[in-house]
Amino acid sequence: MTFGLLRLSAVTIPTITIVLLAAAMVVYVALLICVWRASRLRELQYRPNMLTLKGNSEVAPGDVLRRWVASEYVVSTELNRPLLQRKGLWVGRAVTALYAEGLFLSAAAIATLF
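Position one of the sequence shown corresponds to residue 311 (the working numbering), numbered consecutively onward.
Quick look at the structure:
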């Protein structure tokens with residue numbers, strides 16, 4: 311859209327503006343890729359299994375059941391850690407790309423004033 315509006319202008323567009331807008335477009339594509347990659351990571355492990363918990367709650371004493379549930383939470387956390395770290399990495403990259411895109415677009419807007 312920005313490129314289309316600039317083409318309607320009768321004023322010569324500075325080269326730096328075109329470079330900054332192109333950089334913003336590249337960063338926008340990177341942003342889309344990062345968001346897509348972050349959204350693809352969905353296979354979290356939920357423990358304890360609810361049916362197993364129900365069965366164990368009917369036969370295990372309270373202290374044993376509490377220790378088992380605590381152990382299952384620890385296992386769940388450890389299983390999910392690499393996935394959550396990867397997701398966090400892609401979300402962090404997406405946020406950085408968003409800031410970079412805003413910076414390039416702002417710089418391009420300022421460059422058109424000179």
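Idealized CB from N, CA, C, for every residue including glycine.
Beta-carbon proximity list for Arg-357, same chain, < 8 Å, skipping 5 on both sides: Glu-382, Tyr-383, Val-385, Ser-386, Leu-389
Assigned secondary structure, Phe-414 (DSSP; H/G/I helix, E/B strand, else coil): helix
Rounded Cβ spacing between Ala-410 and Val-337 (contact assumed at less than 8 Å): 5 Å
In angstroms with no decimal places, state the Cα-to-Cα distance between Val-369 and Gln-355. 25 Å
Compare the Cα-Cα distances from Ala-418 to each of Val-405, Pro-371, Ala-333 and report the closest residue. The option with the nearest alpha carbon to Ala-418 is Ala-333.
Note down the Cα distance separating Leu-394 from Leu-375, rounded to an integer number of angstroms. 27 Å
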